[in-house]
Structure formats: structure tokens, C-alpha cells
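Worksheet for the structure shown next.
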């Protein structure tokens, strides 16, 4: 899906090329670091691809039990699958589930096989993991078939609406009602704090707080419900969830297995706003993005969050820098332009003179820098006051910018933002607002051409210039500890005013440096594109 709009900003092509070149220079050492490490979540995701699912009576997933036991016995430096499939070949258990159950009770021990035994274990592991990869491939083919059958929404941007009751069985009818009222994408936001759980909850859940737990069964239930609604409405309804936090690789894997269509997946969000260790995050996000690339999932990045902590005018260039970094990391992991739902937001204080003109400049800059990406345009939240009439007007202006600048994904703003969890009636009114603006002004993209050296052009060039300067500064700074320069910049509070050192943060104990001979069949299959 492309929302390509004719370029209307006179940006210097050399400056744009320099910005991308600097983003590559800043990102490359981080990718190398990711390639040198694994994490407990990457290894658990690999076992999920091999078919291990379920949890014990205390709801601790079997993948957690098995990875923890292997780590205690032989470490994870060589990957979890070689010792696991060696144990299966030695007859320690007849299948993965039984092996995990035995490992939980301490009645099985693991070793690192060598020579021919290692080769055989790795071959068996690859065969099992490849079955999971082929399931993801089939789900992608199913999505393509259903889109051909039911069709895509005719208008752009796609209308994205959040559902969040905490109860999957309440979410389903609300999501279906929203689709009938015009929503093209349903986002089931996660229960507060799930990103800090180092395990994925199991089964259908009914007790989330300000959101619903991301579980494989919840994914399956909602996808099946939206498939029914897609058939009823004659357009394919997309489903979104969150691949972020300490279980990012596992949730991405479950999304691929259950045919979700979009996933929130930002390279730095967990670091900045959840205090998750930077190394853990970058290792996990690379694997998760490789899964998303294979599954044909569109990622949504989280640059809008920077503007909730930093000033939306002063920090506008940090959004552009993050978009460029997210683009680099995404493409390196195999994602294509049509999968890059790069984020930005309408968060300038509305009391500032020319705030709307600046919002237009920022939105046009993103649109022109990433012409083939389905940009995700986020509504005002920071300056919503509880005055629902003012909020409804602000959302209308936000929708107008989305229409004028050809955004790809429009998150529906709520006039009750900062007051209550939206009622169904609030969502209906918000969708009416979107429909009115898109119907009345959807064609403005072809009419809107800001003057060459006017306010909007000048502001866009200024933000791009500041982004280049910041990237240059990041690349030029060296860290005495030998960390990649981007990690030093994150530690200094460059993004969102959050200072996050590379040697701290949640989940650091789950990071493992790979040994020579590390084997992970999921990584191999994802990087080669093979199916066996």
C-alpha cells in the first residue's frame, strides 16, 4: 500500500541523501551488536516456531521453563535448539512438550553435543522450526487471498481505531461494530504493563487493565471475528497488536502464526518509555522485524511518543531522526517500503501561533521523505484538556492535515481523550468526524502546493537540517566504553528527554553474547528466505 503524493516541498536532494547516509552509519554498529547477541525471548520464539505452546498450572509458559533449564545447564551461547533437539534424539522425551514438562521438574539434563551428534540435532531443529516458518508463509498467502476476495478500502488514509476493554469477549463485538462504522484497522491495545512481563500470558483473557493481554488465543479469536466482518462488509479488516517490550520476538512470532496484519514495533520505544535495556531491545527488535518481513506484516513505529515528553516544536527533528533510523533498521531486517508505518503526531500546542501551519510542514516532510511508506499519523493527546468541543475541533484539524498530506494510516482521535476510556458513542462521533473530512477534503492533496519560500517550506527545511545535524553529531561522538554511538546518544537523553544507559534497564540479564558455532534455525531461515 503506497500513499504516494506528488512532492510539494523543495527539499535539497543532497541533504536527503546525507540524512539517509548518516542514519546508516548510526545504525550499522547497532545491527552488528544485534548479530553478536541473542536473548531469552529470541530463543523462546524459536521454540514457539518449533511447535512448543501452552503453560503449566501456574501459567508459566513451557517455553520459559525449557529455555531457563537449558540456560542453567549449558548456557544459551550456542542457542537453545541444539541442546533441546539433542535431548529429544537421546530419548529424554518423546516430544517438545514432554521435554519441557520434565525440564520444569528437573528430571532431564542438557548437554552441548559435538561433531556428528550436533549436526543431527541441528538438522532436527531446523526441520521443526521450518514447519513454523511455513505456517507463517501460509498465513501470509491466506491474507493475500482474502484481500483479493474482499477488497481493500477505497480511500486513503486507512482509518485506524483502538479497542481496549481488557476482556477479549467484549473487544470482539466492539471491534466488529467499529468496522461496520467505517474503521479499516482494529488495534487491540495491550493491558498496562504487559511490555514488562518476561513471558507471554496463555489463553483467552478477560482481566486486562486499560487494554487486553496479547496472547495467541486472543489473536486467534479476534482474527476469526474480523474475518467474519470482512466477509459481511466486502473489505478486508486489518488487525493490529503490539510487538514491543520484553517478549517482542515471541509476540511477533505469534502474530505471524495467527495472521495479524500490523504490529506496533519501534526500535527505541521500549528503551525510552519502558526502561528496557537498549541491547536487549535492539537484539529483540531485529528478530521481530525479520518475522514481520516474512509474515507480510506492516509495522507501526512510535515517534509520536517523543512529542508527549519533549516539546513538539523544539523536538520535531528528533522525530525525523527516529524515522530515518527506524527505516534503516527495518530495511536491514528485510521489510519493504509498503510495510513501514512510520509514526508522527499532531502534538504542537494549539495555543502557539501558526501551530497548524507547522503541523502541515512536519506532516509533509515525513510524507516526502518516505513517499512509499504508509505513514501512521497520530492524533492530539498531550494538549487535550477535557473540553470535548475543543477536542473535537482539534481532531478535525488533525484529520484535515491527514487528508491534505496523503498520510497512509489515520489513528482516530477521541474528544474524550484525557477524560475517560472512550464510550462506543464517542467512537461513533469520532468516525463521523473522519468521514466528513475525508469526504469533503480528501482530494486536497492535488490542490495544496505551499509557496516555494513560504512558511511551510522554510519550516520543513529547517527540521530536516536539524535532523541532519543531530545525526552528524550522533555519528561523530564516540563512547569510551566502545558502545555504538547511537547507544551513547540514547544514554545522553537525545530522544524524548529519557536517559537510558546501555548497561542498565530491565531485561539486561536476558541478553547473551553468541559463541562461535551459535545455531538458530529461525534466524537462518529468516535471513535466507528458505522454507526447509
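Numbering (our numbering), first residue to last: 373 to 904. We put the beta carbon where it would ideally sit given N, CA and C, even for glycine.
| said: Tell me the rounded alpha-carbon separation between residue 530 and residue 591. | reply: 21 Å
ask   = Alpha carbon to alpha carbon, what distance is there between residue 442 and residue 543?
value = 38 Å
* Between the C-alpha atoms of residue 820 and residue 776, what's the straight-line distance to the nearest angstrom? -> 7 Å
Cut-off 6 Å between Cβ atoms - residues of its own chain near residue 619, not counting five sequence neighbours on either side
413 and 572
- Check whether the segment 708-719 touches the segment 881-894, counting contact only when three or more Cβ pairs, one atom from each stretch, lie closer than 8 Å. no
Please give me, in chain order, every unbroken run of the alpha helix (DSSP H) with length at least 4 that falls completely inside the segment 663-723. Unbroken alpha helix (DSSP H) runs of no fewer than 4 residues, entirely contained in the segment 663-723, are found at 678-681 and 688-704, following chain order.
- Item | Sufficient close CB pairs (3 or more, under 8 Å) joining the segment 821-836 to the segment 586-603 | no
Using the three-state DSSP reduction, which class does residue 532 fall into: helix, strand or coil? Note: residue 532 maps to strand in three-state DSSP.
Could you have a look at residue 610 and say whether DSSP puts it in helix, strand or coil?
strand
Discussion item. If I measure Cβ to Cβ from residue 731 and keep anything under 7 Å in the same chain, skipping five residues before and after, which residues do I get?
Written reply: 718, 720 and 773
key: Span of the beta strand (DSSP E), counted from its first residue to its last, around residue 948   = Since the displayed the chain opens at 373 and closes at 904, residue 948 lies outside it and no answer follows.
Review point. Going by the beta-carbon positions, is the gap between residue 733 and residue 663 smaller than 9 Å?
Key: no
message: Using C-beta distances below 7 Å, list every residue in its chain close to residue 768, excluding the 5 sequence neighbours before and after it, in chain order.
response: The answer, listed in chain order, is 805 and 809.
- Are there 16 or more other CB atoms within 10 angstroms of the CB of residue 387, so buried, or fewer, so exposed? With fewer than 16 other Cβ atoms inside 10 Å of its own Cβ, residue 387 counts as exposed.
- Item | Closest by C-alpha distance to residue 723, when choosing among 737, 611 and 757 | 757
Measure the beta-carbon distance from residue 513 to residue 533 and round it to whole angstroms, keeping in mind my assumption that it falls under 8 Å. Rounded, the Cβ-Cβ distance is 27 Å, inconsistent with contact.
Open item on the list: Only counting the same chain, and skipping five residues up and downstream in sequence, which positions put a Cβ closer than 7 Å to that of residue 729?
Closed with: Excluding residues within five positions, the ones whose Cβ falls inside 7 Å are 827 and 828.
Under the three-state DSSP convention, the category residue 378 falls into = coil
From the DSSP secondary-structure annotation, give me the bridge partner or partners of residue 433. 427
Would you mind working out which of 421, 842, 675 and 735 sits nearest residue 497, comparing C-alpha positions? 421
Using the rule of at least 16 other Cβ atoms within 10 Å of the residue's Cβ for burial, across every protein chain shown, is residue 899 buried or exposed?
Residue environment for residue 899: exposed (fewer than 16 other C-beta atoms within 10 angstroms of its C-beta).
Restricting to runs no shorter than 3 residues, where is the beta strand (DSSP E) found entirely within the segment 740-770?
Counting only runs of at least 3 residues, the segment 740-770 fully encloses the following beta strand (DSSP E) elements, listed from N- to C-terminal order: 748-750.
- Taking DSSP as the reference, what is the three-state secondary structure of residue 872? coil
Are the beta-carbon atoms belonging to residue 781 and residue 644 less than 9 Å from one another?
no
Notebook entry, point to check: Start and end of the alpha helix (DSSP H) containing residue 895?
Noted result: 893-900
Practice prompt. Specify the secondary structure class of residue 506 as computed by DSSP and reduced to three states.
Written response: helix
Quiz item: For residue 508 versus residue 535, is the C-beta spacing smaller than 9 Å?
Solution: no
Does the beta-carbon of residue 613 have 16 or more other beta-carbons within 10 angstroms, so that it is buried, or is it exposed? buried
>> Less than 9 Å between the beta carbons of residue 647 and residue 677, yes or no?
In response: no
Taking 8 Å as the cut-off, does the segment 833-840 touch the segment 623-633 (at least 3 CB pairs, one atom from each stretch)?
Not touching, per the Cβ criterion.
Looking at the structure shown, is residue 887 part of a helix, part of a strand, or coil, going by DSSP? coil
**Request:** Ignore the nearest five residues each way along the sequence and tell me which others in residue 397's own chain have a CB closer than 6 Å to its CB.
**Result:** 847
First through last residue of the beta strand (DSSP E) which encompasses residue 550: Per DSSP, residue 550 is not a residue of any beta strand (DSSP E); the alpha helix (DSSP H) it occupies stretches across 540-552.
Cβ contact check for the segment 521-529 and the segment 444-459: 3 or more pairs under 8 Å: no
*Which listed residue (739, 640, 489 and 880) has its alpha carbon closest to that of residue 462*: 489
Task: residue 467 and residue 879 closer than 9 Å at C-beta - done: No. Outside cutoff.
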